[in-house]
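S.K.: Following the numbering used here, the numbering of the sequence shown begins with 6 at its first residue and continues without gaps.
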Amino acid sequence: MLEDKQRWNKRYEENPMPQSVSGVLEKYIDNVNIGQALDVACGTGRNTHFLANKGFDIDAVDISDYAISKVKNTPTINKIETDLDKYNITPSKYDLILNINYLNRRLLSQMKEGLKQGGVVIFETFIIAHGDFKLPTMNLDYLLRKNELLHSFISLDIIYYEERIDINLRGERIKVASIVAQKS
Ligand SMILES: C[S@@+](CC[C@H](N)C(=O)[O-])C[C@H]1O[C@@H](n2cnc3c(N)ncnc32)[C@H](O)[C@@H]1O
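1) Helix, strand or coil, according to DSSP, for residue 95 in the structure here?
2) Since residue 181 contacts residue 142 with CB under 8 angstroms, what's their CB separation in whole angstroms?
3) Using a threshold of 6 angstroms, is the CB atom of residue 175 nearer than that to any non-hydrogen atom of ligand 1?
4) Per DSSP, what kind of secondary structure is residue 73 in: helix, strand or coil?
5) Please classify residue 171 as buried or exposed, where buried requires at least 16 other C-beta atoms within 10 Å of its C-beta.
6) Per DSSP, residue 25 forms a beta bridge with which residues?
7) Is there contact here, the stretch 43 to 51 with the stretch 61 to 80, by at least three beta-carbon pairs under 8 angstroms?
8) Answer yes or no: do residue 62 and residue 81 have a C-beta to C-beta separation smaller than 7 angstroms?
9) Could you please give me the residues that DSSP links to residue 138 through a beta bridge?
10) Touch check for the stretch 84 to 100 and the stretch 111 to 124: three-plus C-beta pairs under 8 angstroms?
11) Could I get the ranges of all uninterrupted beta strand (DSSP E) runs contained in the stretch 119 to 188, with 3 residues as the minimum, in chain order?
If you want it as structure tokens, here you go:
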């Protein structure tokens with residue numbers, strides 16, 4: 006959506022985004038065969054760059070031209086500036102599909118199809134929370150429901166699942182769900 010592109014370009018210009026690699030990716034990367042990876046909504050590439058250093062070939066997809074311009078130009082990173090509302094994941098292509106801090110429900114079943122046999126999905130994003138929590142958006146389409154992520158990948162072998170309280174860059178309490186699951 007054009008709105009997403011404009012909104013995210015503005016956010017990147019105004020707000021700091023985490024530059025350190027995602028904790029769940031760093032912790033579980035040794036469960037993944039080094040090969041082909043997809044970084045869904047890669048942002049400025051903190052996780053893409055980590056995967057490139059590990060030896061992966063990465064398709065790094067994002068709608069923000071500002072974010073994509075910050076992703077390194079190197080032969081093992083295929084930068085794809087496009088709208089994920091219209092993008093289709095190639096079936097059986099990936100050893101790893103990574104999705105951090107982004108939700109597009111249309112892609113959930115495509116992610117399962119996109120994994121090779123033995124491929125792993127690592128997915129972490131925000132959950133709807135009540136009370137003393139900061140929601141990253143008021144658009145509930147972009148927030149997970151309780152247990153939704155687990156249900157979405159229940160047909161895979163679940164290596165790890167957790168819903169927990171975390172603190173964002175501005176020191177606010179948020180809730181996130183994380184899953185690591187493998188296609189057998
Ligand atoms: C919170 S950032 C997360 C970036 C990255 N995954 C990370 O963890 O650093 C969300 C990203 O989703 C991208 N995004 C939002 N809507 C999108 C869409 N419709 N198509 C592609 N990317 C989109 C934004 O441009 C932004 O880079």
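Ideal Cβ placement from N, Cα and C applies to all residues, glycine included.
These numbers were taken from a predicted model, which means no experiment stands behind them.
M.R.: Let me spell this out:
1) coil
2) Not quite, the Cβ-Cβ distance comes to about 14 angstroms (not below 8 angstroms), so this is no contact.
3) no
4) helix
5) exposed
6) None, per the DSSP bridge assignment.
7) Look at the beta carbons and you see the stretch 43 to 51 touching the stretch 61 to 80: at least three pairs across the two are nearer than 8 angstroms.
8) yes
9) Bridge partners of residue 138: none, in fact.
10) yes
11) 120 to 131, 162 to 172, 178 to 187
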